[in-house]
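Data block below; observations after.
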Amino acid sequence: MLVTGGTAGIGLACAEVFARGGAQVVVVGRDAEKGERVRENFAARSWACDFISADVSKREGIQALFARVTERYRRLTVAVNNAGTDGASFTPLLQYPDDIWDEVINLNLTSVYLCMKAELALMMGHPNCAIINVASLAGLKASYSGGGAYTASKHGLIGLTKSAAIEYAPHRIRINAVCPGLVRTQMAIDVLGDEKLAAVGEKNPLGRLCEPREVADTVAWLSTPESSFVTGVALPVDGGLIAS
């Protein structure tokens with residue numbers, strides 16, 4: 000399996016869950032030093048892990064990444080598209096910087112589109128493969144903290160997920176999205192700070208924040224035969240927030 004943005008947060012938690020279950024994991028990230036630490040940590044636990052340094056915000060980075068994956072593995076069974084950015088948080092549309100808009104849409108949506116094309120090419124002819132896109136609750140409702148670019152990118156990602164799921168269902172390739180609410184990651188801490196993050200968690204119907212491992216467990220389930228009749232969904236992992 001392959002996970003982008005796999006050196007921290009939700010991506011790292013996904014890599015750990017799959018590796019613990021015996022999968023050959025390919026972790027993708029921009030920071031080679033962090034990636035090597037992940038690889039060494041996994042190796043110390045006898046988990047099969049490969050790290051490929053790639054910048055998936057750039058077309059040439061995606062091309063180089065999948066050229067290496069194709070050369071090394073020839074096929075792909077599970078892909079988790081997790082790399083993303085929050086952009087200019089708490090910034091109204093009138094003041095939103097155009098260059099940050101471009102960065103957010105590029106990484107959160109366009110790069111996933113390009114990665115999916117490469118992933119699907121490696122899955123065709125091999126039934127029972129799965130792609131899981133990490134969207135957000137902001138793909139189901141507006142996010143004040145994330146702002147317009149983040150909300151638009153995650154809504155677009157869910158639309159892309161649903162469209163591709165219908166197109167590739169005849170090939171027995173399932174494509175789904177997970178939509179976490181606030182998760183205890185460094186990105187969330189950087190945006191809100193520890194105290195405000197904890198306060199938001201207390202207002203959740205379950206009374207706490209989501210942990211990265213809980214999103215990863217949901218991602219893992221969407222890749223298994225236990226979810227074999229599930230495709231094209233945008234599954235909230237939000238402690239009941241969207242229902243409240």
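Under numbering that gives the first Met the number 0, think of the first position of the sequence shown as 0, with each following residue one higher. No residue lacks a Cβ here, since even glycine has one placed at the ideal position from N, Cα and C.
- Check the Cα spacing between Asn132 and each of Ala233, Ala7, Arg19: the tightest is with Ala233.
- Closest by C-alpha distance to Leu92, out of Ser56, Arg73, Ser144, is Ser144.
- Where Cys209 is concerned, there is no enclosing alpha helix (DSSP H), because DSSP gives it neither an H nor an E.
- Assignment of beta-bridge partners to Ile9 by DSSP yields no partner.
- Relative to the Cα of Ile188, the nearest Cα in the group Pro169, Cys209, Arg44 belongs to Cys209.
- By the neighbour-count criterion, in which a residue is buried when 16 or more other Cβ atoms sit within 10 angstroms of its Cβ, Ile241 is exposed.
- When C-beta atoms of the region 151-165 are compared with those of the region 197-208, fewer than three pairs fall below 8 Å, so the two segments do not count as touching.
- In the DSSP secondary-structure assignment, Pro224 is not bridged to any residue.
- Beta-bridge pairing by DSSP links Thr90 to no other residue.
- Residues Asp85, Ser88, Ser144 of the same chain have their beta carbon placed closer than 7 Å to that of Val190, with the five preceding and five following residues left out of the count.
- Ranked by Cα distance from Pro204, the first of Val27, Phe41, Val236 is Val236.
- By the criterion of at least three beta-carbon pairs nearer than 8 Å, the region 16-32 is in contact with the region 45-58.
- Fully contained in the region 123-151 are the following beta strand (DSSP E) runs of length 3 or more, in chain order: 128-133.
- Under the three-state reduction of DSSP, Arg73 is assigned to coil, being neither helix nor strand.
- Between the C-alpha atoms of Thr150 and Arg212 there is a straight-line separation of about 23 Å.
- Secondary structure at Asp49: strand, using DSSP grouped into helix, strand and coil.
- Residue burial is scored here from C-beta neighbours: Glu59 has fewer than 16 other C-beta atoms within 10 angstroms and is therefore classed as exposed.
- Bounds of any beta strand (DSSP E) do not take in Val182, whose DSSP letter is neither H nor E.
- As computed with DSSP, Asn175 is found in a beta bridge with Ile131.
- In chain order, Asn132, Ala134, Ile157, Thr160, Ala233 place their CB closer than 6 Å to the CB of Ala176, counting only its own chain and leaving out the 5 sequence neighbours on each side.
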